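Chemist:
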Amino acid sequence: MRRLFPLFILLHSFCLFSQTEYSAEFSGVGLASSNGEMPFWFYSNTKGRIDQKTNLMGLFSGKGTFDTSDESFVEMGAGAFFSEGYDNNLKLDEAYIAFTSPKIGVVVGKKHKKDLFRGLSASNESILWSLNAGAIPGIRLFTTDPFFISGKDHGFGVTGSWEEYLLDDDRYVENTRLHHKSFHFVYRSQTEFQVSVGLQHFVQWGGVSPDFGKLPSSFQDYTKIITGGTGEDSVGGQEVNALGNQLGSYELKVRAKIQNLDFQFLYNHIFEDGSGLKMGNLPDGRYSLYVEDNRDSFWGVPWFKAFILEYYYLENQSRNRQGSSVDGSDNYFSNNLYRSGWTYNNFTIGNPFIIANTPQGIGIKYNIVSAIHMGITGEILNDQPYKLLLSYRSIYGKKDSFIADPKKIISPFFELALLQGDYQLNLQLGADINSGESSNFGVGLSFRQEFF
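For the sequence shown, numbering that gives the first Met the number 0 begins at 0 and goes up steadily by one.
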């Protein structure tokens, strides 16, 4: 909490100076289940605040914004939460300062990614970075809208981002650094039809290994990791495909507006080495269709405001390639050197259908999976918002550790607003209906109190 105090003082000073908006709130949840562990959607995509053992969680947060021009503003925020689960400690949730303009955004500190699909998607923006784990401290520079060649708001253009993070959690390789960049070509018509094609690229690098000591982290090494370059065998032959733990995805996004309905189709192709770059792991990836209604009611009824349907196939992992018997298959979100893998505080950073080990383990537990997921939100009864999630997933195990009897699990989740206004109260119901084990059912109440 000592780290939060200077930020709150600075935040208060900005708010007084600019006379702009500021807010504070207290929120939380109480959960119970039939077998002691929470159903999947009670803890997944909760921004690292709730784990499988959480019964109580409370979060206090505040933020303020002040305008720097008619179209640009600075936002500062901070928050902390206490969660009674695997780890009963007070934790920092966010602490950041951010600048947003019509074309460029900058974030310094620890800030959650924006929810793009009303909490309905299992992956949010990318299969590699969902809302499952907590915010990671770093520096982010990104475009907030495409730069178009024409200088107008349509035609051919580009978007991109460049980000540097520090994985400051308790992990196998301490103080691991994380580099991320993205680049997309965009075409937008005057009728708001838009196509975007590009890629995301992540690299875990540097840090201190208990096996090899300090890992390569010079500026020369940095220039190699941003281009996917190979190392110099300085860590016991672990850098086979590239320096550090590299992963990425090719992305296709198509957006169209038809009679006030927004349609989006998304495809994410995952890769972790040369075989994935050459699409040797097809058809692995994410396939999503999202529909959002911007009218007061959908076909005269308010119960349907947004809908998403997603299919995740992660079973190939380059095992069907002819050369996989020589150089091996993929092992998504896992790495022999960076053994904590693609996790942060024991939460999978990417899609939560790839399951991380509990704090008693390390890294990824299951990554050979497929899933069908859907989500719906709207209003029922007397303008009471609701959210419904339903997932069916098949879990086959992990590289060199297949499950003899694959798990088939149906995971429904339903949330209904009971009270609205400055004080909000929601009912939550969830379950995991398991083909091979006993099913699990859960109930919860979440609340949110705005102070100003």
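Quick reminder that beta carbons are idealized off the backbone N, C-alpha and C, glycines included.
For clarity, every value in this text was computed on a predicted model and none was experimentally measured.
1. From the DSSP secondary-structure annotation, give me the bridge partner or partners of F146.
2. List the residues that DSSP assigns as beta-bridge partners of G47.
3. Using the C-alpha atoms, what's the distance from G275 back to E452?
4. Taking the continuous alpha helix (DSSP H) assigned at F450, which residues delimit it?
5. On the criterion of 16 or more Cβ atoms from any shown chain inside 10 Å, does G443 qualify as buried, or is it exposed?
6. Would you call W302 buried or exposed, if buried means 16 or more other Cβ atoms sit within 10 Å of its Cβ?
7. Suppose you measure from the CA of K213 to the CA of D168; what does that come to, to the nearest Å?
8. Pull up the distance between the alpha-carbon of F155 and that of E124, whole angstroms please.
9. Have a look at L417 and Q423 and give me their C-alpha separation to the nearest angstrom.
10. Of all the CB atoms in chain B, is at least one closer than 8 Å to the CB of G61?
11. Expressed to the nearest angstrom, what Euclidean distance is found between the alpha-carbon atoms of E83 and G35?
12. Is I409 helix, strand or coil when you go by DSSP?
13. Between the Cα of H268 and the Cα atoms of K256, I257, G284, K277, which residue gives the shortest distance?
14. Rounded C-beta distance between V253 and L313? I'm assuming under 8 Å.
15. Give me the residue from S445, N439, F446 with the minimum Cα distance to P452.
16. In the DSSP assignment, the alpha helix (DSSP H) including L276 goes from what residue to what residue?
17. What is the DSSP secondary structure of K386, reduced to helix, strand or coil?
18. Could you pull the start and end residues of the alpha helix (DSSP H) that W341 belongs to?
19. Per the DSSP calculation, L452 is bridged to which residue(s)?
20. Taking the DSSP output, what are the residues bridged to S26?
21. Where do the ends of the alpha helix (DSSP H) carrying I224 lie?
22. Who are the near neighbours of F59 in its chain, counting only those whose CB is closer than 7 Å to its CB and skipping five residues on each side?
23. If you follow the alpha helix (DSSP H) that F39 is part of, which residue opens it and which one closes it?
24. Less than 8 Å between the C-beta atoms of K398 and N330, yes or no?
25. If I measure Cβ to Cβ from S248 and keep anything under 8 Å in the same chain, skipping five residues before and after, which residues do I get?
26. Does the stretch 82-100 come close enough to the stretch 48-58 to have 3 or more Cβ pairs within less than 8 Å?
27. Looking at C-alpha atoms only, which residue of S160, R117, H153 is the closest neighbour of T142?
28. Can you look up N244 in the DSSP assignment and give me helix, strand or coil?
29. Excluding the five sequence neighbours on either side, which residues of its own chain have a C-beta within less than 6 Å of the C-beta of L91, listed in chain order?
30. Considering only the beta carbon of each residue, do N131 and F346 sit closer than 8 Å?
31. Hey, G340 and G362 are a contact pair by Cβ (cut 8 Å); roughly how many whole angstroms apart?
32. By the three-class DSSP mapping on this structure, what secondary structure does V325 have?
Modeler: If we stick to the structure as given:
1. V157
2. DSSP output for G47 lists no bridge partner at all.
3. For the chain, the structure presents residues 0 to 451; residue 452 sits outside this window and is missing.
4. Run containing F450: none; DSSP gives neither H nor E here.
5. Classification of G443: buried, given that the 10 Å Cβ count is 16 or more.
6. So W302 ends up on the exposed side.
7. 17 Å
8. 22 Å
9. Rounded to whole angstroms, the gap between the alpha carbons of L417 and Q423 is 7 Å.
10. The structure shown has no chain B; it contains just one protein chain.
11. 13 Å
12. strand
13. G284
14. Taking the Cβ atoms as the reference, V253 lies roughly 22 Å from L313, outside the contact range of under 8 Å.
15. The question about residue 452 has no answer here: the residues shown for the chain are numbered 0 through 451.
16. Where L276 is concerned, the enclosing alpha helix (DSSP H) stretches over 273-276.
17. strand
18. Run containing W341: none; DSSP gives neither H nor E here.
19. Residue numbering for the chain in the displayed model covers 0 to 451; residue 452 lies beyond these limits and cannot be assessed.
20. L58, R447
21. 218-224
22. So the qualifying residues of the chain are F25, G78, A79.
23. For F39, the enclosing alpha helix (DSSP H) begins and ends at 39-42.
24. yes
25. Within its own chain, the residues whose Cβ lies closer than 8 Å to the Cβ of S248, once the five positions on either side in sequence are excluded, are S125, I126, L127, L198, Q199, N267, H268, I269, F270, G284, listed in chain order.
26. yes
27. S160
28. Strand, per DSSP.
29. For L91, where only same-chain residues beyond five positions count, the Cβ hits under 6 Å are A79.
30. yes
31. 4 Å
32. Any reading at V325 must be qualified, since the residue scores a pLDDT of 45, below 50, and its modelled position is unreliable; no value is offered.
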